[in-house]
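**Student:**
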Amino acid sequence: MRGVFVTGTDTGIGKTMVAAWLVRSWRADYWKPVQSGIAEGLDADVVRRVAPETAIHPSAFMLNEPLSPDQAARLDGVAISLDDFHLPETSNSLVVEGAGGAMVPLNDRHMMIDLMARLGLPVVLVARSGLGTINHTLLTLEAMRHRGLAVAGVIMSGPPNDANRQAIEHFSGIGVVAQLPLLSGADGLPGHPPLTWRPWEIQP
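When we follow this note's numbering, the leftmost residue of the sequence shown carries the number -14, and every step to the right adds one.
As structure tokens, this is what we get:
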């Protein structure tokens, strides 16, 4: 399948806006396997505002509280299992957006990184551009490398920072394929041209 799994080094770093940008650039479908904090709004609605024609596949889990999936599921009386997740059937490209960071728990045995491994898509890592990102990004990339995941590239979110970009590329060997300002869903993507990079065209 042509697609990517979008994860982040943290929560609240613009991951959904990056996913929306990829969806709009590639005219791809969108899927958020686990959505928590539904009373505060859905990430799928943000994507729909940015790319109104997007086909959005239903989440496997819709959880009430804005907490990590394991905690939110526990409060809702729901048990999350990796067996509950299957890639949607589509002939289109697919952008999958994780919840929180790569190591956020899904249950008492598995984390988001295990779901990435199960789905088998190349990973796009969204990272902050500012202070602290080198450590957070390199640790996340190392964890994914240890799990044997194919990392397609890093997208930095926030004001451009060439020194941090160069350090991440130097120490990880992974390219920073784009830099995007930290935007909210209300901002949309004004003036941002489509991303022509297609990771499935370079993956072995």
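Backbone N, C-alpha and C fix where the C-beta goes; we use that ideal spot for every residue, glycine too.
As the structure is a prediction and not an experimental result, all values here were calculated from the model.
So, is Arg150 buried or exposed, given that buried needs 16 or more other C-beta atoms within 10 angstroms?
**Tutor:** When all chains shown are included, Arg150 counts as buried.
**Student:** From which residue to which residue does the alpha helix (DSSP H) around Trp11 run?
**Tutor:** Unbroken alpha helix (DSSP H) run through Trp11: Lys0 to Trp11.
**Student:** Put His42 into one of helix, strand or coil per three-state DSSP.
**Tutor:** Of the three classes helix, strand and coil, the one that applies to His42 here is strand, per DSSP.
**Student:** According to DSSP, Gly138 sits in a beta bridge with which residue or residues?
**Tutor:** Per DSSP, Val109.
**Student:** Reducing DSSP to helix, strand and coil, say where Pro54 ends up.
**Tutor:** Here Pro54 sits in helix by DSSP.
**Student:** If we call anything under 9 Å between Cβ atoms a contact, is Ala5 one with Ala40?
**Tutor:** No, the Cβ-Cβ distance between Ala5 and Ala40 is not below 9 Å.
**Student:** The beta strand (DSSP E) spanning Glu82 covers which residue range?
**Tutor:** It spans Leu79 to Gly86 - the beta strand (DSSP E) in which Glu82 sits, taken as one unbroken run.
**Student:** Using 9 Å as the threshold, is the C-beta distance between Phe46 and Pro18 below it?
**Tutor:** Yes, these two residues count as a Cβ contact at 9 Å.
**Student:** Taking only three categories from DSSP, how would you classify Val32?
**Tutor:** Residue state, collapsed to three classes: helix.
**Student:** If you draw a straight line from the alpha carbon of Asn77 to that of Ala13, how long is it in whole angstroms?
**Tutor:** Cα to Cα, Asn77 sits roughly 6 Å from Ala13.
**Student:** Could you have a look at Leu165 and say whether DSSP puts it in helix, strand or coil?
**Tutor:** Note: Leu165 maps to strand in three-state DSSP.
**Student:** Flag this pair as yes or no: are the beta carbons of Val139 and Ala112 separated by less than 9 Å?
**Tutor:** Contact: yes.
**Student:** Could you give the DSSP three-state label for Phe(-10): helix, strand or coil?
**Tutor:** It is a strand residue.
**Student:** Can you tell me which of Arg183, Leu168 and Thr1 puts its alpha carbon nearest to the alpha carbon of Glu82?
**Tutor:** Of Arg183, Leu168 and Thr1, the residue nearest in Cα terms is Thr1.
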